[in-house]
Each structure stands twice: as C-alpha cells, then as structure tokens.
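Step one of this worksheet: look at the structure below.
In full-length UniProt numbering, the protein residues as written are 1 to 258.
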C-alpha cells in the first residue's frame with residue numbers, strides 16, 4: 001500500500017515527527033554510562049503515553065521477528081544495528097548506542113533513529129555515525145517530486161560505498177503513514193532513475209545503516225536483535241520526510257533544547 005496525504009494530513013505527520021524527535025533527543029540527553037536499556041524503554045513508554053500517542057512497536061509482529069516486540073523503543077548496542085530488543089544491560093563507557101523509535105499520533109506515524117557513543121568515543125565510531133548521517137542527508141536531497149525511489153537509493157549508496165562500507169540490501173527505508181511500514185521499499189543502494197515516482201504528499205522513512213566490515217547480519221536468540229556477523233560496530237540514522245512541491249521536508253526534527 002502507498003498512501004498520498006493531503007496538506008492537512010501532512011501537518012499531522014509533522015506533529016508526530018516532532019514528538020518522535022523530541023523523545024529521541026531527550027533520551028540521548030538522559031543516557032549516561034550506567035543507564036540500563038530497560039530504563040530507556042520505560043522512559044520512552046512514559047513520554048509516548050503522556051503525549052497521547054501509541055507505540056508502533058509493542059504489538060509489532062512481522063514475519064521476520066519473534067513477535068510481538070513487546071517494548072516501546074529499539075535499543076541496539078555496538079554490533080547490534082536493527083530491531084534491538086531492550087534487555088537488562090547496563091551501558092558502559094564507549095558503547096555505541098542506536099535508538100530507533102516509531103509512534104502513531106492522531107492517526108499518522110513517524111519513524112526516526114539516532115546513533116551516538118555513550119561516554120568516550122573513538123574516531124572510528126564517530127566516522128561510522130557521521131557516514132550514515134551524510135548518507136541520510138544525500139538521500140533526502142535526492143527526494144524531489146518527479147524523482148524516483150532509485151535516485152534516493154543511489155544517493156545513499158554512493159555515500160556509504162564511497163566511505164568504504166559494505167551495504168546490506170535486506171533492510172532499508174520504507175513508506176510510512178497510517179501504519180509504520182508501507183510501500184515503497186527504499187534500499188540503501190540502487191540504480192538512479194528506477195522505481196516509484198515521487199509525488200507530493202508521499203511520506204517516507206529513509207534510514208541508512210551500516211556495519212563496519214560486513215554486509216551480513218545474524219539474529220540474536222531473542223528473535224529480534226540483528227547484529228553484524230563479524231561482531232563489528234554499527235550505526236543507523238533515520239528521518240521521516242514528506243515529499244512537497246519544492247522537495248523534501250524533514251518531519252522528525254527536534255524542538256527540545258538542553
């Protein structure tokens with residue numbers, strides 16, 4: 001299913017996106033060495049419910065997971081990169097943490113992810129994170145009315161491959177709207193000029209992610225958490241955007257300051 005939204009509906013998406021971004025950045029501000037992943041999940045739950053929103057994850061049960069997910073946020077640490085199931089783990093100095101959050105507010109969903117180092121960061125980890133952020137910016141810049149999904153994928157892949165990272169093609173970005181995951185699929189590499197033609201009112205979640213030295217994933221015994229098969233570090237950056245007459249508008253920008 002591909003949904004095209006009216007300006008009024010896009011305004012709702014803007015409010016959802018702001019909520020998602022503010023929760024993520026509040027969590028980033030709170031997280032320190034010694035924070036437990038289950039504590040992060042409790043904080044996320046409280047902020048979602050206080051806003052009158054609904055978690056997209058608690059009852060999430062796709063074919064590839066061992067569902068339902070049962071938690072409010074994805075917390076992936078170090079070699080984990082996607083669908084990180086919150087667990088009883090206390091963050092240590094130097095841990096690379098990815099928080100991925102999707103909520104539904106007033107009938108419209110938004111999805112975003114950030115990666116950051118808790119405590120002391122290495123240059124290698126910072127480069128990994130910055131590359132996903134640069135790839136995200138490139139993908140968003142390519143998301144213009146009349147462009148194709150392949151243009152976004154090509155822009156992302158050019159940055160990731162140019163930095164020397166392998167690109168996994170199993171999981172990527174996606175359409176989003178009244179549900180979290182919709183068509184079209186947005187691969188993190190591809191051929192320009194191919195795929196669905198972008199139209200104003202289309203919402204997309206664009207999400208470059210990489211593993212330092214492999215494109216292969218392994219699933220934890222929890223049935224959810226995806227890790228690099230080599231144990232290498234990982235990073236993930238994601239925004240929800242709306243295609244407009246003029247280009248792309250980022251929905252998931254925070255307004256909170258610290």
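Even glycine gets a Cβ: it sits at the ideal position worked out from N, Cα and C.
Item, Value
"Cβ-based burial, residue 115 [other Cβ within 10 Å; buried from 16]", "buried"
"Nearest residue (CA-CA) to residue 242, options 224, 223, 175", "175"
"Integer-rounded CB distance, given that residue 148 should sit under 8 Å from residue 199", "In fact, because the Cβ distance is near 11 Å, the residues do not count as touching under 8 Å."
"Continuous beta strand (DSSP E) stretch holding residue 175: start and end", "173–175"
"Collapsed DSSP secondary structure at residue 239 in the structure displayed", "strand"
"Where residue 2 falls, given that 16 or more other Cβ within 10 Å makes a residue buried", "exposed"
"C-alpha distance - residue 99 paired with residue 253, whole-angstrom precision", "15 Å"
"DSSP state of residue 4 mapped onto helix, strand, coil", "strand"
"Residue range of the alpha helix (DSSP H) that includes residue 154", "149–162"
"Neighbour-count burial assignment, residue 29, 16 or more Cβ in a 10 Å radius", "exposed"
"Straight-line gap, residue 184 to residue 136 (C-alpha atoms, nearest Å)", "17 Å"
"Distance, residue 168 Cα to residue 228 Cα", "10 Å"
"Cβ shell of residue 4 (< 7 Å), same chain only, five flanking positions each side left out", "199, 201, 202"
"Three-state secondary structure assigned by DSSP to residue 15", "helix"
"Whole-Å CB distance - residue 166 paired with residue 214, under 8 Å assumed", "6 Å"
"Run of the beta strand (DSSP E) containing residue 249, from where it starts to where it stops", "248–250"
"Continuous beta strand (DSSP E) stretch holding residue 204: start and end", "203–206"
"DSSP-derived helix/strand/coil call for residue 185", "strand"
"Residue from 10, 17, 35 with nearest C-alpha to residue 112", "17"
"Per DSSP, cross-strand counterpart(s) of residue 114", "99"
"N- and C-terminal bounds of the alpha helix (DSSP H) containing residue 38", "37–50"
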